[in-house]
Ligand code: SF4
Ligand code: SF4
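Numbering (the numbering used here), first residue to last: 8 to 378.
Here it is as structure tokens:
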């Protein structure tokens, strides 16, 4: 039984004036019955809420647009996360989520792959594993560590950091899931376990400065781990600075027209818009063009909020529209800075039959080609 009153108080839903700006900006609302304004209204009216009849709660990508657009500071996505939590607490975990959640607890990743395989992506790279005194700890997201389609991304970061003479190491097999999407799936107990365990591991390894390959790891360490003893940056911030300081130089040209997908967890949620563009514009030969909807007005790729591991009720893919919007710019490369964006957009390029026209590449891969 949902305690409607306590959710209204805890999430300050009473501030809502029903202006509908949240729904107006929600990428899912046009494709699903999920409507953040109407959901908040139901709670304000104290209407009965039959949780398991609302499968559309799993459609939300937790992109945060609803909260950012709200003039009253309400965060409808936090209500959705809380309701997912109650769903999971009731034991009626959606079938497709059982394996990722269990594997995250037992193997430290939601891809249901062995913990001891986490560092296979780095075979042959001879990486330091947190030798005392390294300046940066490179944190490889679960997707980047295990999925062969995005394993080239951390490898590119290794090559770029080495080209700029940066002293860095990794946590090796001590690395595990950051818990970002686990929290957004509503599994707050597992998130708290991962957070506390990770903080202990980071402390033991002497982590001082973290650089992440995923905006999701960056966001959770920066905003949801509480006070920590380390600083964290997404790789775009570190690489843009290395270029600005003259430590990273390019000696080859990449002749391409490139547009860029702002990841929600980097752009909208943390205001990192300029650094990715600064890197792309610094690469010789690159002609950079923004999509009409970019930066604060960018559109979610649909991979966040645990959507990588489960189907929602909507079969329409936002990523397909995003590929078409990228093509309208005349770009032949759609650049990303997030493994979820990379994967959803790559699938969308195939689904829309545009493999001959546009290619999805992480910014690191484009920068590596120019070294
Ligand atoms: S934008 Fe904010 S105030 Fe407006 S309907 Fe949505 S939650 Fe309510
Ligand atoms: S977080 Fe994004 S997808 Fe979820 S309700 Fe808000 S705007 Fe819609």
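No residue lacks a Cβ here, since even glycine has one placed at the ideal position from N, Cα and C. Bear in mind the structure is a predicted one, so any value in this text is a computation, not a measurement.
> Candidates 13, 28, 149, 119: which alpha carbon is nearest residue 128's?
Replying inline: 149
> Shortest alpha-carbon distance to residue 54 belongs to which of 9, 122, 295, 16?
Replying inline: 9
> Using a Cβ-Cβ cut-off of 8 Å (strictly less than) and excluding sequence neighbours within five positions of residue 30, which residues of its own chain qualify?
Replying inline: 36, 42, 43, 44, 45, 73
> Between which two residues does the beta strand (DSSP E) carrying residue 56 extend?
Replying inline: Segment: none, residue 56 is in no beta strand (DSSP E) and carries neither H nor E.
>> Is any non-hydrogen atom of ligand 1 found closer than 8 Å to the C-beta of residue 24, if you look at the structure I gave you?
In response: yes
> Whose C-beta lies closer than 7 Å to the C-beta of residue 282 among residues of the same chain, with five residues either side of it excluded?
Replying inline: 243, 244, 247
>> So, for residue 184: in the same chain, excluding its five sequence neighbours on each side, which residues have a beta-carbon less than 8 Å away from its beta-carbon?
In response: 111, 115, 116, 117, 149, 201
> Nearest-angstrom Cα distance between residue 124 and residue 178?
Replying inline: 13 Å
> Looking at residue 215 and residue 144, is the spacing between their C-beta atoms short of 9 Å?
Replying inline: yes
>> Under 8 Å: does the beta carbon of residue 44 sit that close to some heavy atom of ligand 1?
In response: yes
> Per DSSP, what kind of secondary structure is residue 367 in: helix, strand or coil?
Replying inline: strand
> For the putative contact between residue 308 and residue 266, defined by C-beta atoms under 8 Å, what is the C-beta separation to the nearest angstrom?
Replying inline: Residue 308 to residue 266, Cβ: 13 Å. No contact.
>> Rounded to the nearest angstrom, what separates residue 343 and residue 362 at their Cα positions?
In response: 16 Å
> Whole-angstrom Cβ separation of residue 314 and residue 193, contact assumed at under 8 Å?
Replying inline: The pair is not a contact, with the Cβ atoms about 13 Å apart (cut-off 8 Å).
>> Let me check understanding here. Comparing Cα to Cα, which of 228, 223, 256 lies closest to residue 203?
In response: 228
> Could you give the residue range of the beta strand (DSSP E) that holds residue 239?
Replying inline: 238-241
> Comparing alpha-carbon positions, which option in 199, 165, 353, 47 lies nearest residue 325?
Replying inline: 353
> Quick one: is the Cβ of residue 368 within less than 8 Å of any heavy atom of ligand 2?
Replying inline: no
> When DSSP builds the beta bridges, which residues end up paired with residue 342?
Replying inline: 267, 368
> At what residues does the beta strand (DSSP E) containing residue 177 begin and finish?
Replying inline: 175-177
> Among the residues of its own chain, which have a CB less than 7 Å from the CB of residue 182, if the five just before and after it don't count?
Replying inline: 125, 146, 147
> Enumerated in chain order, which unbroken segments of the alpha helix (DSSP H) with a length of 4 residues or greater are wholly contained in the stretch 278-326?
Replying inline: 281-289
> Exposed or buried, residue 151, counting other C-beta atoms within 10 Å across all chains shown (16 or more means buried)?
Replying inline: buried
>> For residue 93, which residues in the same chain have their Cβ closer than 7 Å to its Cβ, ignoring the five residues on either side in sequence?
In response: 9, 58
>> Short of 6 Å in beta carbon distance, which residues of its chain neighbour residue 340, apart from the five on each side in sequence? Order them along the chain.
In response: 263, 265, 366, 368
> In terms of DSSP beta bridges, what is residue 146 paired with?
Replying inline: 219
> So which of 304, 285, 302, 303 has the shortest CA-CA distance to residue 295?
Replying inline: 285
> With respect to the alpha helix (DSSP H) encompassing residue 85, which residues constitute its N-terminal and C-terminal limits?
Replying inline: 83-96
>> Quick check: the Cα distance between residue 12 and residue 89, rounded to an integer number of angstroms?
In response: 13 Å
> Quick one: what's got a C-beta closer than 7 Å to residue 359's C-beta in the same chain, skipping five residues either side?
Replying inline: 327, 330, 331
> Do you know offhand how far residue 68's Cα is from residue 166's?
Replying inline: 32 Å
>> With distance defined between alpha-carbon atoms, name the residue in 82, 33, 76 nearest to residue 17.
In response: 82
> Nearest-angstrom Cα distance between residue 70 and residue 137?
Replying inline: 33 Å
> For residue 291, which residues of its own chain have a beta-carbon under 8 Å away from its beta-carbon, when the five flanking residues on both sides are left out?
Replying inline: 257, 259, 260, 261, 377
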